[in-house]
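For the sequence shown, full-length UniProt numbering begins at 1 and goes up steadily by one. Built from N, CA and C at the ideal position, the CB exists for glycine as well.
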Amino acid sequence: MTTNKMMLESLSNELFIELFELFDAVDLFRAFYGLNTRFNSLLILLRGYRVNFRSIFKEDFNHFCRTYLPFIINRTMYLRLSDNEDAPYQYAHFQSAGFIFDQFDNLRYLRLENVSSDPKINQFFFSNLYHLHNLTHLKFINCRLHAISSGDFQDVIDQIWNLPKLTHCYFDFCFRGTSHFCIPTSVSTSLQCLTILGNWWHSNKFVDLLKKTPHLRTFVVSLQSFQIDEIPFLYQFPLSPKNLSVKRLILYRVDTQRLMINLLQLLPNVSHLKVEIFFMKLDGNQWEQIIVKYAPQLKVFQMMINAYLCPSTDNQRNEEKIDQYLATYRTPFWIEHHQWFIRCHWRVLRGYVRMCVYSLPYAYDDSLTHEDELLDKTKSTCPDL
């Protein structure tokens, strides 16, 4: 044990600093602070800190905030807060300890998870995001603010769009009632990658959002829509200048073809498209028309469709219907021009043929292995499968 200790302490201060900067500050201070004066000095003098409170008990959280965080707050580059079973009410404890975001003047990456509906959190917690002038990445994960409406969040959105260095922003919010994303009133000069989940959309909102985010290159959005978008004579999609900078578009929970097409019309230079569709049985011919007309620059195409194909009759007739559907993905457009292949699983559910169709290779976070019934019946357009 003595030999190992001597070998560790023989390392240079420069090497220790490089190693320490790779680890989370909570773990570093827990493991090394108090061992000797040399480690104490090195820990306090690091150039940048990663502070991750995701899995920390209340007692450890309060101790770190009271004892160590005041010394490193202006060199904290990464901050992650999370309410979970291990650390409930973490945001409230963070506030009660006297910390506000404008104290973290060198923060680059802020990740907030499971923000609760506590009225104090809703009213005060986000009030000074505009002070984070060095922030480049901002994430809100699984935030459920049921005590407020989405309109009450307008000031926060405006603060975010005014951050001068922010390039990546991720929104996963749920508000009281039906959630609409608040369109910012300012133009972002820096945002390049934007994710918006859990909101409902009208087509014209995308026009306004893209005008306020002119440098966007990657756009990820859940595309739930209001039925009015499907009634053209009641709702006309407004003409607008095209956004030529967006190259990568990812669409989750698409439930309307019209809204998807309207968005593609605004983004003619998309070269990477990933789509998750529910209850729309788009076939290969329909996709070909959409891609040729609205996504002419497309090089990478990934999709998954969960839908009902037709009423079930008998096994033989059901398989014939599947074969007819798959034939639309075996045309020269799919096989020869692009070499895009798909796989289809199907089963009978409530008197209908339900299918899950996806591009190969499978490119989604969830797995199909829980669909045991679907795995018994499967076909692919790829000749090797």
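- Task: Quick one: using the 10 Å Cβ neighbour count with 16 as the cut-off for buried, is Arg38 buried or exposed?
- Result: exposed
- Message: Measuring CB atoms only, is the segment 313-323 touching the segment 285-297, in the sense that at least three cross pairs come out at less than 8 Å?
- Response: no
- Message: Please return the same chain residues whose Cβ sits closer than 6 Å to the Cβ of Gln302, not counting the five positions on each side in sequence.
- Response: Lys274, Ser359, Ala363
- DSSP state of Met77 mapped onto helix, strand, coil: strand
- Identify, in the order they occur along the chain, each residue of the same chain with its Cβ nearer than 7 Å to the Cβ of Leu28, setting aside the five sequence neighbours on each side. Phe20, Leu43
- Hey, could you find the ends of the beta strand (DSSP E) Asn142 is sitting in? 137-145
- Task: Please look up how many angstroms separate the CB atoms of Leu138 and Cys169, rounded, as I've assumed it's under 8 Å.
- Result: In this structure, Leu138 and Cys169 form a Cβ contact; the two beta carbons are roughly 5 Å apart against a cut-off of 8 Å.
- Query: Where Val348 and Ile196 are concerned, what is the direct C-alpha to C-alpha distance, given to the nearest angstrom?
  - Reply: For the pair Val348 and Ile196, the Cα-to-Cα distance works out to about 34 Å.
- Query: Terminal residues of the continuous alpha helix (DSSP H) containing Ala327?
  - Reply: 315-327
- Candidates Thr378, Phe57, Val51, Asn269, of which the one nearest Tyr68 by Cα: Val51
- Task: Please work out which residues of its chain come closer than 8 Å, Cβ to Cβ, to Asp102, disregarding the five sequence neighbours upstream and downstream, and give them in chain order.
- Result: Asn128, His131, Leu132
- Got a sec? Which residues, its chain only, sit under 8 Å from Phe279 by beta carbon, not counting five neighbours each side? Asp255, Asn306, Ala307, Tyr308
- alpha helix (DSSP H) segment containing His93, residue limits: Counted as a single uninterrupted DSSP element, the alpha helix (DSSP H) harbouring His93 occupies residues 90-96.
- Task: Check whether the segment 79-97 touches the segment 53-60, counting contact only when three or more Cβ pairs, one atom from each stretch, lie closer than 8 Å.
- Result: yes
- Message: Going by DSSP, what residue range makes up the alpha helix (DSSP H) through Ser41?
- Response: 37-44
- Message: Tell me the rounded alpha-carbon separation between Gln90 and Asn106.
- Response: 22 Å
- Query: Is Val246 closer than 7 Å to Leu216 when the C-beta atoms are compared?
  - Reply: In this structure, Val246 lies closer than 7 Å to Leu216 by Cβ.
- Secondary structure at Phe204, three-state DSSP: helix, strand or coil? In the sequence as displayed, the identity of residue 204 is Asn instead of Phe. Helix, per DSSP.
- Message: Quick check on Thr67: does DSSP put it in helix, strand or coil?
- Response: helix
- Item | Expected contact under 8 Å - CB spacing of Cys356 and Ile322 to nearest Å | Contact doesn't hold; Cβ gap of about 12 Å is too wide.
- If you compare alpha carbons, which of Asn36, Met77, Phe64 is closest to Leu22? Met77
- Message: For Phe233 and Lys211, what's the separation of their Cα atoms in angstroms?
- Response: The pLDDT assigned to Phe233 is 45, lower than 50, so where the model puts this residue is not dependable; a value taken from the coordinates is nonetheless given after this. Spanning the two alpha carbons is a distance of roughly 25 Å.
- Answer yes or no: do Ser179 and Ser150 have a C-beta to C-beta separation smaller than 7 Å? It is a contact, given that the beta carbons lie within the stated cut-off.
- Task: Would you mind stating whether Trp340 and Gly284 have Cβ atoms separated by less than 7 Å?
- Result: No, the pair does not count as a contact, with Cβ atoms beyond the cut-off.
- Message: Alpha carbons only, please: which of Gly198, Thr213, Leu11 is nearest the one belonging to Ser225?
- Response: Gly198
- Task: With Glu113 as the anchor, note down where its beta strand (DSSP E) starts and where it stops.
- Result: 109-113
- Hey, how far is the Cα of residue 387 from the Cα of Ala327? There is simply no residue 387 to check, as the chain begins at 1 and stops at 385 in what is shown.
- Query: Just the Cα atoms here: how many angstroms apart are Leu163 and His337?
  - Reply: Each residue's alpha carbon lies about 43 Å from the other.
- Collapsed DSSP secondary structure at Asp172 in the structure displayed: Of the three classes helix, strand and coil, the one that applies to Asp172 here is strand, per DSSP.
- Query: Within this structure, are the beta carbons of Phe219 and Leu194 separated by less than 7 Å?
  - Reply: yes
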